[in-house]
Every structure is written in structure tokens, then in C-alpha cells.
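Visitor: Going by the working numbering, the first residue of the sequence shown is number 6, and it counts up by one from there. Every residue gets a Cβ at the ideal spot worked out from N, C-alpha and C, and that includes glycine. Have a look at this one.
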Amino acid sequence: MKDRSRLHELRAELDRIDAALIDQAAARQRIVAEIGQYKQQQGRQLRDYRREREVLDGVRAHAAKIGLEPDLAEALLRNLIEASLTRQEQQRVGGSGRGDGHTVLVIGGAGLMGRWLARFFDSQGFHVQIADPASQPAQGGFDAVDDWHDAAHTADVIAICTPIEISRRILAELIGLADQQPIAALVFDIASVKAPLIESLQQAAQAGLNICSIHPMFGPDTMLLAERHVLFMDVGPAAAVDQARALFEDTMAEQVNVSLEQHDRLMALVLGLSHALNIAFADALAQSGLDAAQLAAISSTTFKRQLDVAGDVVAENDRLYFEIQRLNPYELAVLDGLLNSVQRLRSHVSQDDAAAFSAQMKAGYDWLQRHRQSKEQDRQ
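Shown next as C-alpha cells:
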């Protein structure tokens, strides 16, 4: 009985400590909210990488003094910092009032990214209208529009969040509407591949539409836009890019201007290569003949990390991912490069060529080091 009573006492003490931790986290969030308001009033940036590093270094040092694993302490603080940044960003976006009195028409608003944009615009005070055959009336608390053509002339922003072939058709129909009556709205698409839309986008600009092209480089589950990128492409009217960038001005997203033609060359690597690699990884496992349970029992750290990434990729929209591979004019060359790298690796192993194997690893290491250094320089 004594052992059981002592166990009960220890668990009760843990419960008190856990509750205190949550109370302290809540107190931290309240202070964070005040800091966010102060930064907004002073026009200061939300994120300060130097301050974050000072906090993390201090926490690691304190943890070492009291016998706590520094990595654990840093992981806890990183989670709290991310939660703090999310709160500050949402606070700033919500308090901007940027959308007050303005209407956004999200064509394809029942899709995952369409819903993300609808929520994003709603948080800024925009009146959001959803035009999508799959949407229900007042889905997500937004107004459903039966026919987007009827709403195009009254919207202040039109976001096209549909599959690429449908986006091309919508652009053609917008041009037709603009011929009948000018459309004043800012218009943009969010397609992951731009090549099939370049001609239509340029024709829309020539027809007088205030249009640009953007690409949010994140998924629909994203809460915090810090270290996320949004790409902007000028298709004619330069003012359209400025207006589109302003929509993300109160977030911590990194805004990058790229040319319409350059976009797909970059995405063939950033999206196409990473998707293909993880699809192939998952498929190789599926074709291995080994039962998943066998590998689940002996996963290594690297294998688990790769499994997590591959699992996220193969759970995504297969139609969209196929479009990213098939419609990007640079993708086949990238896939050939991936195939060549695997074949070289196989050759080094089969021919017992340790030097060549090491050289291949070293080339990759050197490139990744330059990539990390570039990221660090961007933060300074």
C-alpha cells in the first residue's frame, strides 16, 4: 500500500507541475500579445532572429546548470516561440483592417488552398464570396455565389484557385467579361505551374485586367507564415504585383518577385524533384516485398524522418501532383537528373568505387552548405 500511495503522490505532484507549466505558457502568451501590439504601433518587424538566438542560447545554458537536457529545453522554447509568432502574426493581420469595405471573390474556394485564402482574407476584414460547384451555401461562414460571372464586376479582388486547365478557361471568360464591361478587381491565380497559363495571363493583361500571378509556397494547413515564401510574377500591369504583395504585408511571409518564365524552372526542382524523390522512396518500399510491420519495428532516425516526409507527400492530392510533374516543361530534365544520380550511385556501389561514392556525397554536401549559408545571410 505504501508503494501505491507514494506513486499516487508523485503523480499528483506531476499534475501540479504540468498545470503550472501551462499557466506559465499562458502568461507568456499574454506578454507576447503585448509585445506584438507594441511592435505594430512602432512599425517594427515581428521576427527578430538575433533575439530568438539569444533566448535559445540562454535557455540551453540555464538547462545545463540545473541538469536538464539542453536539447529538450530548446525544443520546448522553440514550440513556445512558434506559438508566440503565430499569435503576433494573426494579431497583426486581424488588426490591419486592410479588407474593411472590400470584397474578395475566391473562385475554387471549396478547394484546400481556396479555403485557406478565404480564411486569410476573412481575417483581414474582407467580405469573402466563394464560387465553387462543390461549395455549400455559407460554407465556412462565407457567402456562396452560384455564378462567379455575376460577382466579377463588384469584387475588389478575384483569386483563381482552380486546377490549371480550369484556370485557363476562367481567364478566357474574364477577358470576355472585361470586353463587355471593365473589371476593376485585382486578379491573380495561384497555380503551381505557370507555363500553361502564360499566354492566357498575358492576354488578360492586354485586355485591361489588373492581373498578376502568385504562388503561395506552403500547404493549406499552414498557420504561421514565418519562413514561408510567396512568389509574385508580373504579367503586365506592375501595379497589380504591388497590390498583391500588400495583401501579405502584415504577415511574416518572405515575398519574392520572380519572372513568369523563371518560375517553372525553379519549381521543377523545389516541387517536382522533392515530390518525385519521395514518391519513388515510398514506391520502392511498397515494391520491396517486406511487410511494413517489419520495418516499423526497426526504423532508424534517418529512415523515420524520410518516412515522415514521404508520408506527407503521398497523402497529398494526386491530381495536383501529377499536374506539377506533367505540365512543367522543365520537369523531365529534372527527372532525368534524378535518374542519372541514382544510376551513378548504383555504379559506384556495384564497382566498389569508394572514391567516386565519396565524391558524389561531397558534391551534395558542398551544395547544401552553400544553401545553408545563403539562408543564414538572408536572416542577418
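When the Cα atoms are used, what is the spatial distance from W372 to Q382?
Guide: Taking the straight line joining both Cα atoms gives about 15 Å.
Visitor: Tell me whether P201 sits in a helix, a strand or coil according to DSSP, three-state version.
Guide: Here P201 sits in helix by DSSP.
Visitor: Looking at C-alpha atoms only, which residue of G63, P242, R92 is the closest neighbour of Q45?
Guide: If we check each option's Cα against that of Q45, R92 comes out closest.
Visitor: Pick from Q267, Q365, G41: whose alpha carbon is nearest that of Q348?
Guide: Nearest of Q267, Q365, G41 to Q348, Cα basis: Q365.
Visitor: Grouping DSSP H, G and I as helix and E and B as strand, with all else coil, what is I112?
Guide: DSSP places I112 in strand when its eight states are reduced to three.
Visitor: Within 10 angstroms of the Cβ of K199, are there 16 or more other Cβ atoms? Answer buried if so, exposed if not.
Guide: Buried, by the Cβ-count rule.
Visitor: Report back the beta-carbon spacing between T108 and T159 to the nearest angstrom; my notes put them in contact at under 8 Å.
Guide: Right, their Cβ atoms sit about 7 Å apart.
Visitor: Going by DSSP, name the residue or residues bridged to P221.
Guide: Answer is V235.
Visitor: Quick one: any contact between the segment 279-294 and the segment 118-129, if contact means 3 or more CB pairs under 8 Å?
Guide: Touching, no.
Visitor: Between which two residues does the beta strand (DSSP E) carrying E259 extend?
Guide: It spans 259-262 - the beta strand (DSSP E) in which E259 sits, taken as one unbroken run.
Visitor: Mark M228 as exposed unless 16 or more other C-beta atoms lie within 10 angstroms of its C-beta, in which case mark it buried.
Guide: Classification for M228: exposed.
Visitor: Would a C-beta distance cut-off of 7 Å place E94 and M257 closer than the cut-off?
Guide: Yes; because the gap between Cβ atoms is below 7 Å, this pair is in contact.
Visitor: Could you give the first and the last residue of the continuous beta strand (DSSP E) run that contains I163?
Guide: 162-165 is the extent of the beta strand (DSSP E) around I163.
Visitor: Are the segment 210-219 and the segment 181-195 touching by the rule of at least three beta carbon pairs closer than 8 Å?
Guide: Touching, per the Cβ criterion.
Visitor: Judging by CA-CA distance, which residue of E79, L77, N84 is the nearest neighbour of Q34?
Guide: Of the candidates E79, L77, N84, the one whose C-alpha sits nearest the C-alpha of Q34 is N84.
Visitor: Would you say the segment 286-306 touches the segment 346-361, given that touching needs at least three Cβ pairs under 8 Å?
Guide: At 8 Å Cβ cutoff, the stretches do not touch.
Visitor: Nearest to L340 by CA position, among D161, R120, L274, D20, is which residue?
Guide: Answer by Cα proximity: L274.
Visitor: Skipping 5 residues on each side, what residues in its chain have a beta carbon closer than 8 Å to that of H60?
Guide: The displayed chain sequence assigns Val, not His, to residue 60. Cβ neighbours of V60 beyond the five flanking positions: L82, I86.
Visitor: Taking the C-alpha atoms as reference points, what is the distance between Y43 and A123?
Guide: Approximately 28 Å between the Cα atoms of the pair.
Visitor: By a C-beta neighbour count over all protein chains shown, 10 Å radius and 16 as the cutoff for buried, is Q134 buried or exposed?
Guide: The residue is buried, with at least 16 neighbouring Cβ atoms inside 10 Å.
Visitor: Can you tell me whether DSSP reads D194 as helix, strand or coil?
Guide: Here D194 sits in strand by DSSP.
Visitor: Any idea what DSSP makes of N283, helix, strand or coil?
Guide: Three-state DSSP puts N283 in a helix.
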